[in-house]
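Chemist: Take any residue in the sequence shown, note its place counting from 1, add 80, and you have its number in my numbering.
Structure in structure tokens, see below.
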Amino acid sequence: MERVYNFSAGPANLPVPVLEKAAKELVNYGEAGMSVMEMSHRSKMYIDIFDQAKNLLIELMNIPDNYKVLFLQGGASTQFAMVPLNLFKNKKADYVNTGEWSKKAIAEAKRYGTINVVASSEDKIFSYIPELDSSTFSSDADYFHITLNNTIYGTRYTELPDTGNIPLVTDMSSNILSEVIDINKFGLIYAGAQKNIGPAGVAVVIIREDLVGSALDITPTMLNYKTHVGNDSMFNTPPTYGIYVAKLVFEWLKDLGGVPAIQKINEHKAGLLYEYLDNSNMFKGTVATKDRSLMNIPFVTGNDELDNQFVKEAEKAGFVNLKGHRSVGGMRASIYNPMPVEGVTKLIEFMKKFEIDNKN
Ligand code: PLP
């Protein structure tokens, strides 16, 4: 069976050369006589892999020296709790509600303090990024939280809020490494791995040093950033194999020319699909033009039956996981870094043909 074009929102497709390298090294990693999966996380050979993964991420994202990089478990969802547990002093934070993942982050933070939702786009099914008015920001907030790219609704911030001295915290799960960002604008960045980094089971946290070390007393040891900073992510057994695959993905990205190069490719891929959607008589994008994501592109025909027929026929033709999230309906094409340009151009050809075949 040939490989399909996988438009899943996550876990998503990985670069084929990465899968091939992992397959080649699966049973016996170089001179090790064993798989990376079988190695002690304290062995020199594994620590080399870990250090390379970390240093590659630092290089790719241009992470300054005053930030710590952690590879943790528990997915992005555990960060919804770790952020307030570690950053609360006044037990107050500002959040912007731009969709399901923001809502989950807000609900979790509310367990530990007072949350001020400064803006929301729920009135229009989260199809845009709300305008932010800094006069509504809390002057005594411990941090300000945004979801930089909204996986389900296909929106992304193209401009960051100016939060002054208040640390900006972001969930970057679905757009980390997809475009150049200035780390200095953030106090803390977190991301689940299973879209642009590697297999599920790894979460990356990039945290400014001064934000480590003042967790609430109730914070469990495993949820305290200090625990992991102090042990270089090796307090307990880290997700060793996932970090190794992440290292392979980082090498792949570096060889390609790094984040500036993939950003150009991503803008090209997304641009092709948006251009087609803007000109199609059958398919329409659901997101405000200025807030369109480069990674997740929802679209609809306006007819549920036709949507279902499209998803079914697309799957038969090798374009899988195009069904939209249940709260938006229709379709969603997730086109993360590893999706080749050809995956998008072939999808567009398929959509054009579907449009002709089903014209009434
Ligand atoms: N945040 C965003 C933006 C996501 O897209 C997802 C998952 O798709 C999550 C958080 C949850 O991540 P995890 O499953 O790693 O907890």
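Glycine included, each C-beta is placed from N, C-alpha and C at the ideal position.
As the structure is a prediction and not an experimental result, all values here were calculated from the model.
1. Compute every distance between the C-beta of Asp251 and the non-hydrogen atoms of the ligand PLP, then say whether any falls below 7 Å.
2. Rounded to the nearest angstrom, what separates Leu257 and Pro279 at their Cα positions?
3. Please report the straight-line C-alpha distance between Ala341 and Asp297, rounded to a whole angstrom.
4. Would you identify the three-state DSSP class for Met411, choosing helix, strand or coil?
5. Which word fits Leu106, buried or exposed, when buried means at least 16 other C-beta atoms lie within 10 angstroms of its C-beta?
6. I'd like the ranges of any alpha helix (DSSP H) spanning at least 4 consecutive residues and lying wholly in the region 143-194.
7. Taking the runs of the beta strand (DSSP E) that are 3 residues or longer, which of them lie wholly in the region 244-330?
8. State buried or exposed for Ala92, treating a residue as buried only when at least 16 other CB atoms are found within 10 Å of its CB.
9. Is Arg288 closer than 8 Å to Asn146 when the C-beta atoms are compared?
10. Taking the alpha-carbon of Thr216 as reference, which of Lys190, Thr231, Val260 and Pro241 has the nearest alpha-carbon?
11. Identify whether Val84 lies in helix, strand or coil by the three-state DSSP scheme.
12. Counting only runs that start and end within the region 108-148, where is the beta strand (DSSP E) found for 3 or more residues in a row?
13. Taking Tyr208 as the reference, give the member of His225, Thr231 and Asp384 with the closest Cα.
14. To the nearest angstrom, report how far apart Pro319 and Glu118 are at their CA atoms.
15. Among Asn417, Gln159 and Ser219, which one has its Cα closest to the Cα of Ile86?
16. Excluding sequence positions up to five away, which residues of its chain have a Cβ less than 6 Å from the Cβ of Glu347?
17. Does the distance from the CB of Tyr233 to the CB of Val367 come in under 8 Å?
Modeler: With the given structure in hand:
1. Numbered from its first residue, the sequence shown carries residue 251 at position 171. Asp251 Cβ: within cutoff of the ligand PLP.
2. The residue you call residue 257 lines up with position 177 of the sequence shown. The residue you call residue 279 lines up with position 199 of the sequence shown. Each residue's alpha carbon lies about 15 Å from the other.
3. Mapped onto the sequence shown, residue 341 falls at position 261. Mapped onto the sequence shown, residue 297 falls at position 217. Taking the straight line from one Cα to the other gives about 44 Å.
4. Your numbering for residue 411 matches position 331 in the sequence shown. Of the three classes helix, strand and coil, the one that applies to Met411 here is strand, per DSSP.
5. Taking the sequence shown and counting its residues from 1, one reaches residue 106 at position 26. Its Cβ having fewer than 16 others within 10 Å, Leu106 is exposed.
6. 155-167 and 180-189
7. 248-251, 268-272 and 283-288
8. For the purposes of this step, residue 92 is identified with residue 12 of the sequence shown, where counting begins at 1. Answer is buried; the Cβ neighbour count reaches 16.
9. For this step, residue 146 is matched to residue 66 along the sequence shown. For this step, residue 288 is matched to residue 208 along the sequence shown. The answer is yes: Cβ separation under 8 Å.
10. Taking the sequence shown and counting its residues from 1, one reaches residue 216 at position 136. Closest by alpha carbon: Pro241.
11. Taking the first residue of the sequence shown as 1, we reach residue 84 at position 4. Residue state, collapsed to three classes: coil.
12. none
13. What you label residue 208 is simply residue 128 of the sequence shown in a count that begins at 1. Out of His225, Thr231 and Asp384, Thr231 has the C-alpha closest to the C-alpha of Tyr208.
14. Looking up residue 319 in the sequence shown gives position 239. Looking up residue 118 in the sequence shown gives position 38. C-alpha separation (whole angstroms): 12 Å.
15. On the sequence shown, position 6 is the one that residue 86 refers to. A small fix is needed here, since residue 86 is Asn in this sequence, not Ile. Among Asn417, Gln159 and Ser219, the Cα nearest to that of Asn86 belongs to Asn417.
16. If you number the sequence shown from 1, residue 347 lands on position 267. Closer than 6 Å at Cβ, skipping near neighbours: no residue.
17. Locating residue 233 in the sequence shown gives position 153, where the first residue counts as 1. Locating residue 367 in the sequence shown gives position 287, where the first residue counts as 1. Yes. Within cutoff.
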